[in-house]
Every structure is written in structure tokens, then in C-alpha cells.
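Numbering (the numbering used here), first residue to last: 18 to 282. A quick write-up on the structure given underneath.
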């Protein structure tokens, strides 16, 4: 999928509540409505899923905005492990920015950690009618040992931090940031999402980073929920980008049709 054709992208800088600059790209179609896209852990706005989904939304005549959370990509701020609620507040700053321009954010989409962030946002702010969670993790106490080692709790108690190598670079996990993740309860958050808010969870059956069972847990507790499992897809939907985009766009188009029906009645 070529994500550069026919694209009218505008770089936009938005201040978050900590006075840090968040950098994003607006795929501008002139629509009042905007879909905001949120990347995952140690990723950025240029991740393949973000670009491909933004271009597909733009082709439908709807504007899309993909941005870097603070401490990631081009945005200012420090990178922190955990940081889920901080990122939900970054998202709030983005949505307020567009709201002040008389634009309406009708859908928020997040991949992986971003999936958790958009669900947390919906549980806190209650101002978005549609949420798309791509491969988010239900139990944030899981998956830590794979990155930090199974003895992470005793090691962090001893020295106050763990340094993690990640390819050519790395990052530091502090005790505070680890506790932020351990104390973020997605079950409790999902119970607070408005019943009128439509939530789509998409997950790959071959996901080895976050098991597909997590998606099924979300389906059990979110009131207004649709679950779509992409058979064979891994965590990043390698070789399944077209199918992922199709699934997301069907949900977005159904929102547009529902909105048009209400306007007609």
C-alpha cells in the first residue's frame, strides 16, 4: 500500500498540559470530522499501521491525524516506560486542540499500547463516540517479564531502575514508571466506558506479543463492543495490512452511515 499518493499532509504542533510540543501529521480533507491515530510502545506516527490507516481514512473523505506521544518520535518530553495516563492526557490535548478549531474528533484509534491509551481516554473523558483498539493488552501485569526479565521486581527494588537494550538503542525503566504500569487497571477502566460509546477491538490470532485471549477479555466487559479477529496476523499485522485496514474502514463507514441516518430522521 503506497501511503504517499494523493496525500495532503500538514505538520501540526500541539502543546500538551506539560507545555511539551506534540508533533503530528494531519491528512487534511476539509471534513469537520477527524479520526486521531495513536501509536504503540517505542513507536511513532510513521509506523506502517498508522500511515496505512490514515491514508485509507483520507480516501473516504475524512481527515486523519497521527501524532507522536511525548518522549517519542519528533515530540518533546522524556520517554517513560508505563506512562499510560500521561499519554491519555496527551491525547486529550490533541482532541481539545481540534475542538477549539470547531473540528470534531469522532473516532480514536490506537495500536498495542496505544489501544490501551484510547480505552483509558474513553473511560476518563466520555466525549468520543467511537474507539478502535488494535491489539491492546488487557492485563498490564503480563508481558513485563519478556522485556525486563522475570526477576524484574527484585532487581528494580535493589537498584531503583532497569536498563533495557532494544536494538541499537535502549531505555531506562524506573521503579515509578514500572509501578505506573502495574497500577493501571484496564478492567476497571473498561467498566467506566459509556454504554453509548462503540468500541471495536481487532486482534491477530497469531499475535505472540499480546495473546488473542486479551481481546476476548475486552469483549466480555465492554458494554458496546465488537470483536474482529484477523486469522494468522501477528502483533504488527505483517502481511495482513490490507485486511486490517479493511476491518477498520468497515467500522468507520458504519459510523458514518449511522450518523447520516440520524441526520435524515
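We put the CB at the ideal spot given by N, CA and C, even for glycine. Given the structure is predicted, the values throughout are model-derived calculations rather than measurements.
Inter-stretch contact at 8 Å, needing at least 3 Cβ pairs: the stretch 211-228 / the stretch 243-253
yes
So, helix, strand or coil for residue 138, using DSSP?
Of the three classes helix, strand and coil, the one that applies to residue 138 here is helix, per DSSP.
Is it buried or exposed for residue 280, if we count other Cβ within 10 angstroms and need 16 for buried?
Here the model assigns residue 280 a pLDDT of 37, short of 50, so the residue's position is not dependable and the matter cannot be decided.
Does the Cβ-Cβ distance between residue 86 and residue 41 come in under 8 Å?
no
For residue 57 and residue 97, the rounded distance between their alpha carbons
13 Å
Do you know how far the Cα of residue 77 is from the Cα of residue 267?
11 Å
Can you tell me whether residue 210 is helix, strand or coil according to DSSP?
coil
Whole angstroms are fine: how far does the CA of residue 27 sit from the CA of residue 91?
Each residue's alpha carbon lies about 14 Å from the other.
Rounded straight-line distance, which links the Cα of residue 49 to that of residue 181
Cα-Cα distance, rounded: 43 Å.
Going by alpha carbons, who is nearest to residue 145 out of 60, 255 and 121?
121
Between the CA atoms of residue 188 and residue 273 - distance to the nearest angstrom:
41 Å
So, with DSSP's three-state summary, where would you put residue 108?
helix
For residue 173, tell me which candidate among 159, 263 and 190 has the shortest Cα-Cα distance.
190
Among 106, 64, 211 and 157, which one has its Cα closest to the Cα of residue 34?
106
Flag residue 90 as yes if its beta-carbon sits less than 8 Å from any beta-carbon of chain D, otherwise no.
Among the chains in the structure shown there is no chain D, since it carries only a single protein chain.
Quick one: grab the DSSP three-state call for residue 253.
coil
Excluding the 5 residues flanking residue 196 on each side, which residues of the same chain have their C-beta closer than 6 Å to its C-beta?
none
From residue 18 to residue 39, what distance separates their C-alpha atoms?
For residue 18, the predicted model reports a pLDDT of 38, less than 50, meaning its position is unreliable and no value from the coordinates is stated.
Going by the CB atoms, is the gap between residue 214 and residue 241 shorter than 8 Å?
yes
Sequence-distant residues of the same chain with beta carbon closer than 8 Å to residue 233, five excluded per side
Within the same chain, and ignoring the five residues on either side of residue 233 in sequence, the residues whose Cβ sits closer than 8 Å to its Cβ are 244.
Assign residue 218 to one of three DSSP states: helix, strand, or coil.
Note: residue 218 maps to strand in three-state DSSP.
So residue 57 is in the alpha helix (DSSP H); what residue range does that whole segment cover?
No alpha helix (DSSP H) holds residue 57; DSSP gives it neither H nor E.
Roughly how many angstroms separate the alpha carbons of residue 21 and residue 44, rounded to a whole number?
Interpretation of residue 21 is limited by its pLDDT of 42, a score under 50 that renders its predicted location unreliable; the figure taken from the coordinates is listed afterwards. Taking the straight line joining both Cα atoms gives about 11 Å.
Measuring CB to CB, does residue 210 end up less than 8 Å from residue 179?
Cβ distance not < 8 Å, so residue 210 and residue 179 don't count as in contact.
Residue from 74, 253 and 271 whose Cα sits closest to the Cα of residue 152
253
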